[in-house]
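A.B. asks: Submitted below is the structure of interest, expressed as structure tokens.
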Amino acid sequence: MNSEELEAVDEELLRLSLTPKKKVQLEDHHPNTIKWFEQGWIMKEIRFKKDGKTPESQSYRMGFRLYCYHQEQLRVKEARLEEEFTSWKNNSVMLVEVPSKFSEERRSSAIQACQAFIHELCRLQINDLNDYFSVTWPVSKKLKFLHFLSAFLQICLKKEEFDWKEIGAGYYKEIGGSKQFDANKEEFLEQLEIITQCPAALLGMISLGKITPLYFSGQITGQYSTYQYGPVHALTDLSISEENYSTNATNIWLVENRAVLTRMAAEKDFLKENHSLVICVDGHVRSSHKLCIEQLLKNSSVEQVLIWSDYDPDGLQIAKELCSIVSHQLLVKWVTADGETLTNWEKYENYMRVFLKNKRMEQEVVLGGVAQWKKWIHH
Numbered sequence: 011m012n013s014e015e016l017e018a019v020d021e022e023l024l025r026l027s028l029t030p031k032k033k034v035q036l037e038d039h040h041p042n043t044i045k046w047f048e049q050g051w052i053m054k055e056i057r058f059k060k061d062g063k064t065p066e067s068q069s070y071r072m073g074f075r076l077y078c079y080h081q082e083q084l085r086v087k088e089a090r091l092e093e094e095f096t097s098w099k100n101n102s103v104m105l106v107e108v109p110s111k112f113s114e115e116r117r118s119s120a121i122q123a124c125q126a127f128i129h130e131l132c133r134l135q136i137n138d139l140n141d142y143f144s145v146t147w148p149v150s151k152k153l154k155f156l157h158f159l160s161a162f163l164q165i166c167l168k169k170e171e172f173d174w175k176e177i178g179a180g181y182y183k184e185i186g187g188s189k190q191f192d193a194n195k196e197e198f199l200e201q202l203e204i205i206t207q208c209p210a211a212l213l214g215m216i217s218l219g220k221i222t223p224l225y226f227s228g229q230i231t232g233q234y235s236t237y238q239y240g241p242v243h244a245l246t247d248l249s250i251s252e253e254n255y256s257t258n259a260t261n262i263w264l265v266e267n268r269a270v271l272t273r274m275a276a277e278k279d280f281l282k283e284n285h286s287l288v289i290c291v292d293g294h295v296r297s298s299h300k301l302c303i304e305q306l307l308k309n310s311s312v313e314q315v316l317i318w319s320d321y322d323p324d325g326l327q328i329a330k331e332l333c334s335i336v337s338h339q340l341l342v343k344w345v346t347a348d349g350e351t352l353t354n355w356e357k358y359e360n361y362m363r364v365f366l367k368n369k370r371m372e373q374e375v376v377l378g379g380v381a382q383w384k385k386w387i388h389h
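What follows is the structure, given as structure tokens:
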């Protein structure tokens, strides 16, 4: 199919969003229907009754010519993405070779981690990106993040401090460049911090106006701060990156929702008497959450971890992410929707997959009380 044919497709036909499996109802005598049918863009499907003679229904489907058009569009898109990836590699390879001028060890180490990651990606083919980023990200979004990564590293190597808007503006050097990464700000910064193991603020970005909190209740000790049993407290991503926390608790609860945290914290003396620390990931496991949990497990004498999340697909994903953080040498329990606990990830995953076939449920539904919580700890 040549470029003239690609440009000749009617917009109205494209708006039907036909696929090889989709069928639509069209008026047989409408001029567009006749034209599209005669030109091979669509084909007519007639279904007969059991006698093989009497028409039962009729509809229109994608024709071979329209199928070829979509395949060519797909090839053109893939070629453009491949070209963009090659261009990114060519333009980014020089950033890998620029030495960090900063004496501060944490920042210099984070910059080197970013450079190492870019260097590794520069040796890949575009299809290999699936092994490094979320499968839910389309290729175009993965490439956009690579541009963000290079843009962030580029400005980070030049400036002690910079604004969020400067990242895109300095990289694209065109009108609207400062807004190029706005739509994916949260996800891109989260991915950046996973790669560098350092909050963006410590790398020089001063004006995002966002501090990621980690809510908890229980005893935690750090170099600069100490928290005792009592109310709900909050750590920030900045404090976590600068601290090295430990706890006297032998039981750590990792819960998804704040309501569970506040309910357990409000139960007088429960946490203290049962040597428990409750940490809330607030619906999403961030890099700062991961770092704090790792610090606590490494620096403390924790005996077991209880993971408690919503009973929906997102809750299952959160439970999986938390499971990957916790050492396999510890006793780990997952709280089920039936008010019981399982001590094996595969069993919990299978339990949830069966549960999710018919149900969805928030963890607050099985919130229970002190007697139930003690049962989960000791059984």
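Every position in the sequence shown, counted from 1, becomes a number in our numbering once 10 is added.
Even for Gly, the Cβ is constructed at its ideal location relative to N, Cα and C.
Owing to the predicted nature of the structure, the values given are computational and were not obtained by experimental measurement.
1. From the DSSP output, which residues share a beta bridge with Pro41?
2. Buried or exposed, going by whether 16 or more other CB atoms sit within 10 Å of the CB of Leu6?
3. Skipping 5 residues on each side, what residues in its chain have a beta carbon closer than 6 Å to that of Glu15?
4. Which of helix, strand or coil does DSSP assign to Ile317?
5. Would the beta-carbon of Val265 fall within 8 Å of that of Ala275?
6. Can you give the Cα-Cα distance for Phe127 and Lys195, rounded to whole angstroms?
7. Is Glu184 buried or exposed, if buried means 16 or more other CB atoms sit within 10 Å of its CB?
8. Tell me which residue opens and which closes the alpha helix (DSSP H) that Tyr361 is part of.
9. I need the DSSP call for Ala329, collapsed to helix, strand or coil.
10. With a threshold of 8 Å, are at least 3 pairs of Cβ atoms found where one atom belongs to the region 324-333 and the other to the region 377-389?
11. Excluding the 5 residues flanking Ile44 on each side, which residues of the same chain have their C-beta closer than 7 Å to its C-beta?
12. Between the beta-carbon of Leu248 and the beta-carbon of Leu224, is there less than 8 Å?
13. How many angstroms separate the CA atom of Cys124 from the CA atom of Leu306?
14. Near Leu76, what residues of its chain come up, given a Cβ to Cβ distance below 6 Å and the 5 sequence neighbours on each side ignored?
15. For the beta strand (DSSP E) that Ala244 lies in, which residues bound it at each end?
16. Would you grab the beta carbon distance between Ser150 and Leu91 for me? Rounded to a whole angstrom, and I think it's under 8 Å.
17. Measure the C-alpha to C-alpha separation of Gln233 and Pro148 and round it to an integer number of angstroms.
18. Which value, in whole angstroms, describes the spacing of the CA atoms of Gly219 and Met53?
19. Taking the alpha carbon of Thr96 as the reference point, which residue from Arg133, Asn354 and His389 has its own alpha carbon closest?
20. What do you reckon, are the CB atoms on Val342 and Thr353 nearer than 8 Å?
21. If I follow the unbroken beta strand (DSSP E) through Phe58, where does it start and stop?
22. So what does DSSP say about Thr29, is it helix, strand or coil?
23. Note down the Cα distance separating Asn12 from Lys31, rounded to an integer number of angstroms.
24. Could you please give me the residues that DSSP links to Ser34 through a beta bridge?
25. What are the uninterrupted segments assigned as beta strand (DSSP E) that are 3 or more residues long and contained completely in the region 257-321, given in chain order?
26. Write down every uninterrupted run of the beta strand (DSSP E) in the region 76-123 whose length is 3 residues or greater and which is fully enclosed by it, in chain order.
27. Less than 8 Å between the beta carbons of Tyr361 and Thr351, yes or no?
28. Looking only at its chain, what residues have a beta carbon closer than 8 Å to the beta carbon of Asn101, apart from the 5 residues adjacent to it on each side?
29. When you compare only the Cα positions, how much space is there between Tyr321 and Gln373?
30. Out of Val242, Glu252 and Thr257, which has the shortest C-alpha to C-alpha gap to Glu277?
31. Is the beta carbon of Cys302 less than 8 Å from the beta carbon of Ile317?
32. Taking contact to mean 3 or more Cβ pairs, one atom from each stretch, closer than 8 Å, check whether the region 25-39 and the region 51-71 are in contact.
33. Would Val103 and Leu167 be called neighbours here (beta carbons separated by less than 8 Å)?
34. Given a threshold of 16 other Cβ atoms within 10 Å of its Cβ, counted over all protein chains shown, does Phe390 qualify as buried or as exposed?
35. Name the DSSP bridge partner or partners of Val345?
36. In chain order, what residues of the same chain lie with their CB nearer than 6 Å to the CB of Thr231, ignoring the 5 residues before and after it?
C.D. replies: So, to answer that:
1. Per DSSP, none; premise fails for Pro41.
2. Residue 6 lies beyond the stretch modelled for the chain, which goes from 11 to 389, so this question has no answer here.
3. Because the pLDDT of Glu15 is 48, which lies under 50, any placement of that residue in the model is unreliable, and the number read from its coordinates should be weighed accordingly. Closer than 6 Å at Cβ, skipping near neighbours: no residue.
4. strand
5. no
6. 20 Å
7. exposed
8. Trp355 to Phe365
9. helix
10. no
11. none
12. no
13. 26 Å
14. Trp51
15. His243 to Thr246
16. 7 Å
17. 42 Å
18. Any answer about Gly219 is weak, because its pLDDT of 48 lies below 50 and its placement is not dependable; what the coordinates show is given next. When rounded, the distance between both Cα atoms is 56 Å.
19. Arg133
20. yes
21. Ile52 to Phe58
22. coil
23. Residue placement at Asn12 is poorly supported in this model, since its pLDDT is 46, which falls under 50; the coordinates still yield a value, given next. Each residue's alpha carbon lies about 25 Å from the other.
24. Position check: residue 34 holds Val in this sequence, whereas Ser was assumed. DSSP output for Val34 lists Tyr70 as bridge partner(s).
25. 261-265, 286-290 and 314-318
26. none
27. no
28. Ser160
29. 6 Å
30. Val242
31. no
32. yes
33. no
34. Since the displayed the chain opens at 11 and closes at 389, residue 390 lies outside it and no answer follows.
35. Thr351
36. Ser256
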